[in-house]
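Report on the following structure.
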Amino acid sequence: MNAFRLAGDMTHLITVLILLLKIYATKSCSGISLKTQELYVMVFVARYLDLFTNFISVYNSVMKVVFVTSSIAIVWCMRIHPLVRRTYDKEQDTFRHYFLVAGSFGLALLFNENFTFREVCWAFSIYLEAVAILPQLVLLQRSGNVDNLTGQYVFFLGAYRVFYILNWIYRYFTEKHFSRWISWIAGLVQTALYADFFYYYFISWKNNSKLQLPA
Amino acid sequence: DEEEYKHDEL
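Note that the protein sequences, when read in sequence, are chains A and B.
Counting in our numbering, the first sequence runs from 1 upward without gaps.
Counting in our numbering, the second sequence runs from 1 upward without gaps.
This is the structure in structure tokens:
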């Protein structure tokens, strides 16, 4: 465990807490893409299958439980909770995310570490996570103005990926056979998706203006 | 053979 990875995990945890805070405090999920949240549930469930079979550390197991339960809790709120579900932008959140699921699964069948159930699921979760933010970014561009918490949510999600890339660079130089080419490629693609959001986020922060994404 | 491929990251 290196500092970059810990920073990445903590930043990732912050993104989940921001969403839970926003939903709990405002009883609203406007501006949040349910499709992205559903994709994250699939990512965590597919990736943490080894929760009970492959003990790495207490930290690792606790964080897995936190990510799975919180992502399911967010989807539950947005689908079931009587107050929150009414504020969901159903008409705006129209990204056909099942194509992302099918594409990631197809890619995982072709490119994986070992052609085993667990490795295919792991590769699937890595590819799916790389594109899971797309419905959210499309929703933000559609709804034009971005409320602070949602903007911070996407910003921290991007930051967590940047920390993970730094973590891989660090591990590449400090460990012998550290070959995570699947994570490398998917991670770079994922972080690139945030690039333009970061640009507009920085502009809005510099001009101290409301974050406006070009439609 | 190569040690079991461990996914030790989240």
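Cβ atoms here follow ideal geometry from the backbone N, Cα and C, with glycine treated the same way.
Please identify the residue among the options whose C-alpha is closest to the C-alpha of residue i.
i, options, result
"Tyr40/A", "Leu100/A, Glu91/A, Ser61/A and Tyr59/A", "Leu100/A"
"Asn2/A", "Arg180/A, Ile185/A, Asn167/A and Leu109/A", "Asn167/A"
"Leu10/B", "Leu19/A, Ala25/A, Val58/A and Ser204/A", "Val58/A"
"Glu113/A", "Phe44/A, Asp9/A, Ser209/A and Arg180/A", "Arg180/A"
"Trp205/A", "Arg161/A, Thr174/A and Asn148/A", "Asn148/A"
"Tyr127/A", "Ala25/A, Ala195/A and Gly103/A", "Gly103/A"
Within 10 Å of its beta-carbon, does residue i have 16 or more other beta-carbons around it, so buried, or fewer, so exposed?
i, result
"Ile23/A", "buried"
"Phe67/A", "buried"
"Met42/A", "buried"
"Met78/A", "buried"
"Ile214/A", "The residue asked about is misnamed: residue 214/A is Pro in this sequence, not Ile. So Pro214/A counts as exposed."
"Glu2/B", "With a pLDDT of only 45 at Glu2/B, under the threshold of 50, the placement of this residue in the model should not be trusted, and no figure is reported."
"Ala186/A", "buried"
"Ala108/A", "buried"
"Asp9/A", "buried"
Which residues in the same chain have their Cβ closer than 6 Å to the Cβ of residue i, if we skip the five residues on either side of it in sequence?
i, result
"Val131/A", "Leu100"
"Ala46/A", "Cys121, Phe124 and Ser125"
"Glu29/A", "Residue identity check: residue 29/A is Cys in the sequence provided, not Glu. So the qualifying residues of the chain are Ile23, Met78, Val84, Thr87 and Tyr88."
Check this for me: beta carbons of residue i and residue j, under 8 Å apart or not?
i, j, result
"Val84/A", "Lys176/A", "no"
"Thr150/A", "Ile32/A", "yes"
"Asn182/A", "Thr36/A", "According to the sequence provided, residue 182/A is Ile. The question's Asn does not apply to it. Contact: no."
"Ile74/A", "Leu20/A", "yes"
"Leu193/A", "Val146/A", "no"
"Gln190/A", "Glu129/A", "yes"
"Arg118/A", "Asp50/A", "yes"
"Tyr153/A", "Ile18/A", "yes"
"Tyr88/A", "Leu140/A", "no"
"Tyr201/A", "Phe155/A", "yes"
"Pro135/A", "Phe95/A", "yes"
"Val16/A", "Ser61/A", "no"
"Phe197/A", "Leu110/A", "no"
In chain order, what residues of the same chain have a beta carbon less than 8 Å from the beta carbon of residue i, not counting five sequence neighbours either side?
i, result
"Leu188/A", "Ile165"
What residues in its chain sit with their C-beta under 7 Å from that of residue i, if we drop five residues either side in the sequence?
i, result
"Phe178/A", "Arg171 and Tyr172"
"Ala7/A", "Phe163"
"Trp184/A", "Trp168"
"Ala159/A", "Thr11"
"Lys64/A", "Tyr48 and Leu51"
### Query
What alpha helix (DSSP H) runs, 4 residues minimum, are completely inside the region 88 to 135 of chain A?
You should have 97 to 110 and 117 to 131.
### Secondary structure, alpha helix (DSSP H): runs of 4+ residues fully inside the region 156 to 193 of chain A
none
### Query
If you scan the region 47 to 95 of chain A from start to end, which runs of the alpha helix (DSSP H) of 4 or more residues do you find wholly inside it?
58 to 79 and 82 to 85
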